[in-house]
Amino acid sequence: MLKLHKLKRWFTVDEVAKRLTITLGEPVEPTDVLRLMADRHLAVFWFLQDRYGMEVAPVTWIRQAGDPVYDLAAALHGDKAKLASKWYEEDVCSQSDYAQPLEGLYRIEDDFCGASADWITSLGTGQGGDKITLNGTLLIDVDGRLWRLLDRFDSKLLEKDGAARVAYNHHSNFYPATDRPWPDQIVVSRAELERFESQFADEDESTRAAGEQTLLTDRERFSYQKQIAVLALALAEKSNRYSKGGAPNSSQIAAAAAEILDALPEVNRHGTSSTSIRASIAAGIDLLTR
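For the working numbering, add 1 to where a residue sits in the sequence shown, where the first one is 1.
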């Protein structure tokens, strides 16, 4: 599975659970994956086919006197003196008059789209997820561009309204779509999964590095040295190559150890130099004969 992982662009929730069970070394269920998404540890993706969308961009509207929205609010407000002189609204603005086909992997955007944020949270809680947005579901493609998901009006309605006279993909033929993936359609991109896993790789590396800095007690060091000496004596007894004058040939043993280490990829060789091995053998034999 680890080799096949490199070939896949995205994974289902079940596949993510199986993958994390291996990489984290503990059981991970699909419900755990959904909870990670709800807690924003994993982004939610959707593999789209035969859908349409329109590229949009974030925009901040300044609402103040003279702006139609502000003037309407002022007209409806009972006490105009309490109405703020200015306020800001975060929104998105279309970047084209034409819809485009959406095919492939898209991330569900949940910063601008509060309804999608509520839906993602519901994946873990099982509650809510039914908020409506007039902007439609917002998506982010692999290049980081923001899209509004669209649905096309019924063809009979378009013919009745005369919309057929404009291009098929003109924005007037479409309306914002608010649907999101069904549970079995939710996926995670390979890059997102690897980003999540890298957090634990960093933790393991930090733990390993901290362990390397832990000093051994004399008792522990003496025990390891005696074990090394016993292994050296066993080698000397089994092969003349590792024996010299009835004692272990520490130089030959150290050279053989170096050959083994050379054959291992990316091995941590700290503390395994020939000098260190010879010194440990000598110290261990001395401890055994005291």
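The beta carbon of each residue, even a glycine, is placed where N, CA and C say it ideally should be.
Endpoints, beta strand (DSSP E) assigned at residue i
i	result
SER190	187-190
ILE141	139-141
For residue i, three-class secondary structure by DSSP
i	result
GLN65	strand
TRP11	strand
GLN226	helix
VAL17	helix
GLN128	coil
GLN101	strand
SER244	strand
ASP111	coil
PRO28	coil
PHE154	coil
VAL34	helix
ALA178	coil
ALA74	helix
ILE121	helix
ILE23	helix
SER86	coil
ARG41	coil
LEU135	coil
Residue environment, residue i, which counts as buried when at least 16 other CB atoms sit within 10 Å
i	result
ARG242	exposed
ASN174	buried
SER240	exposed
CYS114	buried
SER199	exposed
SER251	buried
PHE46	buried
PRO184	exposed
TYR53	buried
GLY127	exposed
GLY105	exposed
THR138	buried
GLY149	In the sequence as presented, Gly is not what sits at residue 149; that position holds Arg. So ARG149 ends up on the buried side.
LEU35	buried
ILE109	buried
ASP111	buried
Per DSSP, the bridge partner or partners of residue i
i	result
HIS171	TYR99
ARG52	LEU103
LEU147	VAL57 and ILE141
TRP47	TYR107 and ILE187
VAL93	PRO59
Start and end residues, alpha helix (DSSP H) containing residue i
i	result
THR276	275-289
ASP263	251-263
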